[in-house]
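J.:
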Amino acid sequence: MLFAVINNVFSVFSWPHYLVLLLAFLVFQLARTRYPKDAIPFIAKLTQAAFYILTVATIFRDQYLNPLIINVLLGVTFGFVIVEIMQTRKKPV
């Protein structure tokens, strides 16, 4: 959600915006710690890849990309996150 707010509210990024994006990226990376090192599901790997692409695209948005492209990448990333949550949620016995 933080990426969506920054992308749609600010027309030009400055260093505090990049710092917030970096911190959000690091927090998202902590989500990988919930899986054993050798048992990361494929959907989790896809989600991580989508988030890497989103982060790099957001960083280069001011110079090369349209904010609409970032919004599309946000939608794709949110979709992967929702699918990952649905597939990795523990089922009641």
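With this note's numbering as the guide, the letters of the sequence shown map in order to residues 4 to 96. For every residue, glycine included, the Cβ atom is placed at its ideal position computed from N, Cα and C.
1. With a cut-off of 8 Å on the beta carbons, I'd call L57 and F13 a contact; round off their distance for me.
2. Considering only the beta carbon of each residue, do L76 and A52 sit closer than 7 Å?
3. Measuring CB to CB, does F28 end up less than 7 Å from L49?
4. Since I believe Q90 is in contact with P39 (beta carbons under 8 Å), could you give me their beta-carbon distance rounded to a whole number of angstroms?
5. Go ahead and pull the three-state DSSP assignment for V15.
T.: In this structure, then:
1. No, L57 and F13 are not in contact; Cβ-Cβ is about 16 Å, not under 8 Å.
2. No, these two residues do not count as a Cβ contact at 7 Å.
3. no
4. Not quite, the Cβ-Cβ distance comes to about 16 Å (not below 8 Å), so this is no contact.
5. In the structure shown, V15 sits in coil (DSSP, three-state: anything other than H, G, I, E or B).
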